[in-house]
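S.K.: One structure, pasted below without further comment.
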Amino acid sequence: MIQNDLFMKAAFSTNTGRPPVWMMRQAGRFMKEYWAIKEKYNFLEMVKIPEIAADVTMLPVDLLGIDAAIMFCDILVTAEAMGGELSFHPGKGPQFANQVRTLADVERLTIPDVNQSLDYVEKMIKIVLQRLNGKIPLIGFAGAPFTVMSYLVEGQSTKDFKNTKLLIHNSPETAHKLLAKITQVTIDYLNMQIAAGVHAVQIFDSWAAALSWDDYEEFSHRYICEIIASLNRTNIPVISFCKGSSVFAPLMAKALPNVISVDWNADLRNVKDQLPPDIAVQGNLDPFILYAEKKVIKERLYRLFERMEGVPGFIFNLGHGIMPDIPFDNVRYAVDIVKEYCPQAIS
Ligand code: CP3
């Protein structure tokens, strides 16, 4: 049993009272405690040493008092386990030395046994669960196939996804082979996390907004459908995140997630009202608001609360991750404001 079950109830659309709060990238560079650990280890070491990843996972639990923890890892570990030569460079983000652009490149990638190649994640989950001691739920996650594919194809972060789009448009069969492989590994990986004890899982399709509606349906959505349908999800809510969900939400709902995580372009209430009532929403404050003065932060939070008042199935979060230079004090202030909020009883 989880003592603070606000997040679980909201994810299953059965909550009352204030919304639960957690934030994407809540364990990261905006915290001086994160930098203290990073002085000793590089990012991939932090991810791969279970004790250290567990320490980082716990930072926002202890310092922010959020209602759900998210395991400290990265979406690209699946691609690395498949044979991608991954490294992280300060200021440049992730890089793959061996870009995947041809059928032969795709065929070289393997479908690993996740229990072996990603066993550090399983070990970290078990340590975190011990430390949480049933206080709040732990969220696991994986990247969506399209977003993971974009890193493998581009070899790095990109603004225009030119090579990824060239692949899907000129060689759709090769793209589908790659997406199918990533999908298989992602299913195994998320089911491993669930078996290890995570209470919920989130699928990050961070860059799907680069796609047209048709391409989203063919090269992203159908694989997310396959993943969600293949999860051992009894009592495990599935959150589908995509930057672009303000456009794609009606399609995302067809994959039958429990929660859709919404970017800040949309009016969250409008998105919610267009979804089947048993699908909750998560979001959707513009993270840049957290740079602003506290009175602005409070005013914008209350604007969102008022829009969502009386609606079960609302998890407070940002529309995307916390930026590294957002003042810690402002993040903490926003969490406190959500926790102090006392809505009228939900009818
Ligand atoms: O939310 C959390 O606190 C959990 C940890 C988490 C990280 N990455 C840690 C991280 C999660 C959920 C992710 C997912 C992730 N990784 C996504 C999807 C979420 C999103 O933001 O859309 C993506 C696209 C990645 C790939 C990735 N990893 C990028 C583009 C970068 C560089 C970002 C940058 O601003 O430089 C990373 C590195 C990364 N992942 C860091 C952290 C804390 C920074 C590493 C460092 O300390 O330098």
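Under my numbering, the letters of the sequence shown match residues 1 to 347, in that order. Think of the CB as a built atom: it goes at the ideal place given N, C-alpha and C, for glycine as much as any other residue. What you are looking at is a predicted structure, and each value in this text was computed from that prediction instead of being measured.
Do Val100 and Leu152 come within 7 Å of each other at the CB atom, strictly closer than that value?
M.R.: The answer is yes: Cβ separation under 7 Å.
S.K.: Can you tell me whether Phe12 sits near ligand 1, meaning its C-beta is under 6 Å from at least one heavy atom of the ligand?
M.R.: Phe12 Cβ: outside cutoff for every heavy atom of ligand 1.
S.K.: Return helix, strand or coil for Ala11, following the three-state DSSP convention.
M.R.: In the structure shown, Ala11 sits in a helix (DSSP, three-state: H, G or I).
S.K.: With three or more C-beta pairs closer than 8 Å as the rule, is the region 76 to 93 touching the region 22 to 35?
M.R.: The region 22 to 35 is not in contact with the region 76 to 93.
S.K.: Look at the Cβ atom of Asn191, then the Cβ atom of Ala11, and state whether they are nearer than 7 Å.
M.R.: Their beta carbons are not under 7 Å apart, which means Asn191 does not touch Ala11 by this criterion.
S.K.: Name the two residues that bound the continuous alpha helix (DSSP H) containing Asp105.
M.R.: Start and end: 103 to 108.
S.K.: Just to confirm, is the Cβ distance from Leu268 to Val281 under 7 Å?
M.R.: Cβ distance < 7 Å, so Leu268 and Val281 count as in contact.
S.K.: Using beta carbons (cut-off 7 Å, strictly below), is Pro287 in contact with chain B?
M.R.: Protein chains in the displayed structure number just one, and chain B is not present.
S.K.: Is the Cβ-Cβ distance between Lys243 and Asp263 less than 7 Å?
M.R.: Contact: yes.
S.K.: How is the beta strand (DSSP E) around Asp205 delimited, first residue to last?
M.R.: It spans 200 to 205 - the beta strand (DSSP E) in which Asp205 sits, taken as one unbroken run.
S.K.: When we look at the beta-carbon of Leu166 and count the other beta-carbons within 10 Å, is it buried (16 or more) or exposed?
M.R.: Classification of Leu166: exposed, given that the 10 Å Cβ count is below 16.
S.K.: Am I right that Phe316 and Phe219 are in contact with their C-beta atoms under 8 Å? What's the rounded C-beta distance?
M.R.: Not quite, the Cβ-Cβ distance comes to about 31 Å (not below 8 Å), so this is no contact.
S.K.: Considering only C-alpha positions, which residue in the set Ala266, Gly84, Pro277 is nearest to Leu256?
M.R.: Of the candidates Ala266, Gly84, Pro277, the one whose C-alpha sits nearest the C-alpha of Leu256 is Pro277.
S.K.: Let me confirm a value: Ala195 is counted as buried when at least 16 other C-beta atoms fall within 10 Å, else exposed. Which label applies?
M.R.: Counting Cβ neighbours within 10 Å, Ala195 comes out exposed, since fewer than 16 surround it.
S.K.: In this structure, does DSSP put Gln99 in helix, strand or coil?
M.R.: Here Gln99 sits in coil by DSSP.
S.K.: Asp74: beta carbon under 6 Å from a heavy atom of ligand 1?
M.R.: Asp74 Cβ: within cutoff of ligand 1.
S.K.: Tell me which residues share the same chain as Gln3 and place their Cβ nearer than 7 Å to its Cβ, disregarding the 5 neighbours each side in the sequence.
M.R.: Here the set comprises Gly134, Lys135.
S.K.: Would you say the beta carbon of Phe43 is closer than 6 Å to some non-hydrogen atom of ligand 1?
M.R.: Yes; taking the cut-off as 6 Å, the Cβ of Phe43 has a heavy atom of ligand 1 nearer than that.
S.K.: What three-state label does DSSP hand Leu190 in the structure shown?
M.R.: It is helical.
S.K.: Just to check my reading of the structure: Ser245 and Ile260 have Cβ atoms closer than 8 Å, yes? What is that Cβ distance to the nearest angstrom?
M.R.: Right, the Cβ-Cβ distance comes to about 6 Å (below 8 Å), so this counts as a contact.
S.K.: Could you check where the alpha helix (DSSP H) with His169 kicks off and where it finishes?
M.R.: Counting along the chain, the alpha helix (DSSP H) containing His169 begins and ends at 162 to 170.
S.K.: Looking at Phe96 and ligand 1, is the gap between the Cβ and the nearest heavy atom below 6 Å?
M.R.: Answer for Phe96: no, Cβ out of range of ligand 1.
S.K.: If you draw a straight line from the C-alpha of Tyr120 to the C-alpha of Glu306, how long is it?
M.R.: Looking at the two C-alpha atoms, the distance is approximately 42 Å.
S.K.: Name the one or two DSSP bridge partners that Gln156 has.
M.R.: Per DSSP, Gln95.
S.K.: Around the C-beta of Glu340, are 16 or more other C-beta atoms found within 10 angstroms, so that it is buried, or is it exposed?
M.R.: So Glu340 counts as exposed.
S.K.: Determine whether the beta carbon atoms of Ile168 and Ile70 lie at a separation below 7 Å.
M.R.: No, the Cβ-Cβ distance between Ile168 and Ile70 is not below 7 Å.
S.K.: Provide the residue span of the alpha helix (DSSP H) that contains Gln274, from first to last.
M.R.: Looking at the DSSP string, the run of the alpha helix (DSSP H) that includes Gln274 is 268 to 274.
S.K.: Considering Cα atoms alone, identify which of Glu80, Trp22, Phe72 is closest to Ile37.
M.R.: For Ile37, the nearest C-alpha among the options comes from Phe72.
S.K.: Would you call Thr57 buried or exposed, if buried means 16 or more other Cβ atoms sit within 10 Å of its Cβ?
M.R.: Thr57 comes out buried.
S.K.: Give me the Cα-Cα distance between Arg108 and Gly143, rounded to the nearest whole angstrom.
M.R.: Whole-angstrom Cα-Cα distance: 21 Å.
S.K.: Within 10 angstroms of the Cβ of Leu132, are there 16 or more other Cβ atoms? Answer buried if so, exposed if not.
M.R.: Flag for Leu132 reads buried.
S.K.: Taking C-beta to C-beta, are Gly197 and Leu129 nearer than 7 Å?
M.R.: Yes, they are a contact pair.
S.K.: Roughly how far, in whole angstroms, is the beta-carbon of Ala208 from the beta-carbon of Tyr216, given that I think they are within contact range, below 8 Å?
M.R.: Between Tyr216 and Ala208 the Cβ distance is about 6 Å, and since that is below 8 Å, they are a contact.
S.K.: For a test of your reading of the model: does the CB of Ser245 fall under 6 Å from any non-hydrogen atom of ligand 1? Yes or no.
M.R.: No, ligand 1 has no heavy atom inside 6 Å of this Cβ.
S.K.: Return the CA-CA distance between Val47 and Leu118, expressed in angstroms with no decimal places.
M.R.: One C-alpha to the other measures close to 11 Å.
S.K.: Just curious, the alpha helix (DSSP H) that Asn357 is in, first and last residue?
M.R.: Since the displayed the chain opens at 1 and closes at 347, residue 357 lies outside it and no answer follows.
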